[in-house]
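Here the structure comes first, spelled out in structure tokens, and everything after it is commentary.
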Amino acid sequence: MLRKASRENIVVDLTNLYDHFFVTTGECKAKITAARLPYFDGDYWPGAAEDLINQFRLEEDGRKLNKKGTIKKTITKRALKASGQSDLSANASKDLLLMHKLGETICPMREDFIMVHLQHCCTHCCILMVSGNRWVCAMRQN
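Note that the UniProt record's numbering gives residue 32 to position 32 of the sequence shown, counting from 1, and the numbers run on in steps of one.
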């Protein structure tokens with residue numbers, strides 16, 4: 001059904017969640033965060049993300065109780081800068097760690113998370129194109 005819709009230009013592109021959000025391409029400059037992932041109630045990944053967040057909180061609470069000899073699990077500001085992040089706050093560090101762990105979780109079953117694109121999006125800023133199928137991105141010219 002999806003292949004037929006693609007041939008009839010109803011569907012613009014078929015991909016999977018992992019390849020679209022977790023595999024970085026050289027051209028896309030948009031910062032992918034957990035808030036930008038498609039969220040539908042009852043899906044697998046939101047439950048996995050909530051479990052990871054709870055795990056991070058428990059580890060953080062454990063570190064607060066036992067400060068001796070623990071390994072810091074948050075990402076350093078140097079690592080955030082190296083990954084191209086401009087926001088160096090603790091929340092950005094947690095979001096990047098969540099995306100990394102979520103990518104590791106989803107990777108083995110990536111073909112099960114089908115994404116059907118009904119509109120074109122900019123390959124530079126990842127904003128959906130509301131009208132037409134090609135445009136010039138204002139961010140690219142900066």
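Backbone N, C-alpha and C define an ideal beta-carbon position, used for all residues, glycine too. The structure displayed is predicted, hence computed values, not measured ones.
By the C-beta density criterion, Met109 is exposed, having fewer than 16 other C-beta atoms within 10 angstroms. Counting only residues of its own chain and dropping the five nearest sequence neighbours on each side, Phe56 has a CB closer than 8 Å to the CB of Lys73, Lys94, Leu97, Leu98. Classified as exposed, Leu118 has fewer than 16 neighbouring CB atoms from the shown chains inside 10 Å of its CB. As DSSP reads the structure, Asp13 sits in a beta bridge with His117.
With fewer than 16 other beta carbons inside 10 angstroms of its own, Ile127 counts as exposed. Beyond the five residues adjoining it in sequence on each side, Tyr18 comes within less than 8 Å, by CB distance, of Gly103, Ile106, Cys107, Arg110, Phe113 in the same chain, given in chain order.
Straight-line spacing of the CA atoms in Met115 and Ser6 works out to 13 Å. In this structure, Trp45 and Leu52 do not form a Cβ contact; the two beta carbons are roughly 10 Å apart against a cut-off of 8 Å. The Cβ neighbour count for Phe40, taken over all protein chains shown within 10 Å, is under 16; the residue is labelled exposed. Our two residues, Met129 and Val11, have alpha carbons roughly 14 Å apart in a direct line.
Rounded to the nearest whole angstrom, the CA to CA distance from Ala48 to Asn54 is 10 Å. Under the three-state reduction of DSSP output, Leu58 falls in the helix class. Where Lys4 is concerned, the enclosing alpha helix (DSSP H) starts and stops at 2-7.
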